[in-house]
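Asks: Here you go, one structure.
Numbering (our numbering), first residue to last: 15 to 144.
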C-alpha cells in the first residue's frame with residue numbers, strides 16, 4: 015500500500031518547484047536514506063521468497079507428474095498445494111515488479127526535475143536586460 019501511495023505522489027501533476035523540493039529532500043535526508051535502505055533489504059527478502067515460491071511450484075508440479083492418484087483426498091491435497099505455490103509465486107513476482115517500477119519512476123522523475131532545473135537557469139540568465 016505504501017508503494018502505491020508513493021507512486022501516486024510521484025506521478026501527480028505538481029509544480030516543478032514542489033517536485034524538485036521533494037526529490038532534493040529524498041536524496042539528502044537521512045530519514046529518507048534509511049527508509050530506502052530498509053526498502054532495499056525488504057526487496058532482497060521478497061526476492062528470496064520469490065525464489066522459494068518458484069522452487070516449491072516446481073516441486074509440486076514434479077510430484078504431480080510422478081505420483082499416481084489413488085483417491086479424491088490425495089487429488090484435493092495436490093490441487094491445494096499447487097494453488098498455494100502458484101499464489102505465492104504471483105504475489106511475490108508482482109511485488110518485485112511493482113518495486114522495480116517505483117524505483118525506475120523515481121529515477122526518471124529525478125532526471126526530469128534536474129533537466130527542468132538546469133534548463134530554467136539559462137533562461138533566467140538570458141532574460142536579463144541587455
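Using N, Cα and C, we set each Cβ at its ideal position, and we do this for glycine too.
I need the DSSP call for residue 80, collapsed to helix, strand or coil.
Replies: helix
Asks: Spatial neighbours of residue 37 within its chain, please: CB distance less than 6 Å, with the 5 preceding and 5 following residues excluded, ordered by chain position.
Replies: Listed in chain order, the non-local C-beta contacts of residue 37 below 6 Å within the same chain comprise 124 and 127, local neighbours out to five positions each way being set aside.
Asks: Tell me whether residue 110 counts as near the ligand ADP, meaning its Cβ is closer than 8 Å to at least one heavy atom of that ligand.
Replies: Looking for the ligand ADP in the displayed structure turns up nothing, as the structure carries no ligands at all.
Asks: If you draw a straight line from the alpha carbon of residue 144 to that of residue 121, how long is it in whole angstroms?
Replies: Note that residue 144 scores 49 on pLDDT, short of 50, meaning its location in the model is unreliable; the coordinates nonetheless yield the value given after this. Residue 144 and residue 121: Cα-Cα distance of roughly 38 Å.
Asks: What first and last residue would you give for the alpha helix (DSSP H) that runs through residue 43?
Replies: Where residue 43 is concerned, there is no enclosing alpha helix (DSSP H), given that its DSSP letter is neither H nor E.
Asks: So what does DSSP say about residue 26, is it helix, strand or coil?
Replies: coil
Asks: With 16 other CB atoms within 10 Å as the buried threshold, where does residue 94 fall?
Replies: exposed
Asks: Quick one: Cα of residue 101 to Cα of residue 31, how far?
Replies: 43 Å
Asks: Can you tell me the Cβ-Cβ gap for residue 92 and residue 73, rounded? I've got them flagged as a contact below 8 Å.
Replies: Contact doesn't hold; Cβ gap of about 11 Å is too wide.
Asks: Using only CA atoms, which one of 68, 33, 46 and 116 lies nearest to residue 129?
Replies: Ranking the options by Cα distance to residue 129, first place goes to 33.
Asks: I believe residue 54 touches residue 99 by the beta-carbon criterion, under 8 Å. Please report the beta-carbon distance rounded to the nearest angstrom.
Replies: Contact flag wrong, Cβ pair sits at about 27 Å.
Asks: Quick one: using the 10 Å Cβ neighbour count with 16 as the cut-off for buried, is residue 111 buried or exposed?
Replies: Exposed.
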